[in-house]
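Sequential numbering from -6 applies to the sequence shown in this note's numbering. Here is the structure we will look at.
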Amino acid sequence: MKPYYQDETVTLWLGDCREVTDWLAADVLVTDPPYGIGWKRPELAWTHNPEAHDGIAGDGDTVARDAALTAWGAARPALVFGSLRAPYPGDWKRMLVFRKPIIGGGLIGNRMPWFTNWEPVFVLGAWPKQVPALDSVISTAAPSVSGYSGYTTRYQHPHAKPVDVMEALIAACPPGVIADPFAGSGSTLVAARNLGRRAVGVEVDERYCETAARRLSQMTLGEFCLAAPG
């Protein structure tokens, strides 16, 4: 079996991370798995992203996420995105906050005074002891989640993460190869390569694997600032 994409720094596999296990040889896990919330998007003609979406593979429960975390084990560090509406991963040590832009996100389905404009990032596994020096709230310079200037629109994935957030997370990680067994549109892999880190990813949905491979083959450093929307 050959990688779907490979260069001097990044290897990307198409398949189920429970079957394609090359990522388990990495040193640090940084991933945005299916949350287990059964997310879907109806057709919304009034938005810039009107197309309906039938959901994320494996998002009906946390089985895929939990299997990957069990395979990874507790001896190595991990950063795992999640949802407040789903069971938390077991044995998490800290919760960081990904603060999303209010524009283009945090509104659909929300009928309370507060935007749902943040997501938890769980810290798991063994981390080197060090004096704290970083904010636990990680924000993005992206102006919008969706719409013409939104990062989910640009990266063609409804749960895509902005590269600057992934760079901030990876920069705080111990040295070594980065693993992302739920690579999606490839933001973790792009961020790792921007920082000079080797990375290996796995993605089960070929449409997103293709998106990630295209981003990796065409990207330039500082992608967020240089790339045109779309």
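The C-beta atom is built at its ideal place from N, Cα and C for all residues, glycine as well.
Would you list the one or two residues that DSSP bridges to residue i?
| i | result |
| --- | --- |
| residue 88 | 115 |
| residue 173 | 194 |
| residue -1 | 4 |
| residue 23 | 72 |
| residue 143 | 137 |
Just the C-alpha distance for residue i and residue j, rounded to the nearest angstrom, thanks.
| i | j | result |
| --- | --- | --- |
| residue 208 | residue 179 | 7 Å |
| residue 198 | residue 50 | 7 Å |
| residue 55 | residue 211 | 33 Å |
| residue 12 | residue 96 | 38 Å |
| residue 30 | residue 1 | 36 Å |
| residue 160 | residue 189 | 11 Å |
| residue 69 | residue 86 | 13 Å |
| residue 23 | residue 105 | 32 Å |
| residue 80 | residue 173 | 20 Å |
If I follow the unbroken beta strand (DSSP E) through residue i, where does it start and stop?
| i | result |
| --- | --- |
| residue 72 | 71 to 74 |
| residue 132 | 130 to 132 |
Applying the 10 Å Cβ sphere with the 16-neighbour rule, what's the burial state of residue i?
| i | result |
| --- | --- |
| residue 171 | buried |
| residue 128 | exposed |
| residue 78 | exposed |
| residue 204 | buried |
| residue 183 | buried |
| residue 164 | exposed |
Could you give the first and the last residue of the continuous alpha helix (DSSP H) run that contains residue i?
| i | result |
| --- | --- |
| residue 182 | 180 to 187 |
| residue 59 | 56 to 65 |
| residue 164 | 156 to 164 |
| residue 28 | Residue 28 -> no alpha helix (DSSP H), and no H or E assigned at all. |
| residue 109 | Unbroken run through residue 109: none, as it is neither H nor E. |
Helix, strand or coil for residue i, going by three-state DSSP, please let me know.
| i | result |
| --- | --- |
| residue 12 | coil |
| residue 127 | coil |
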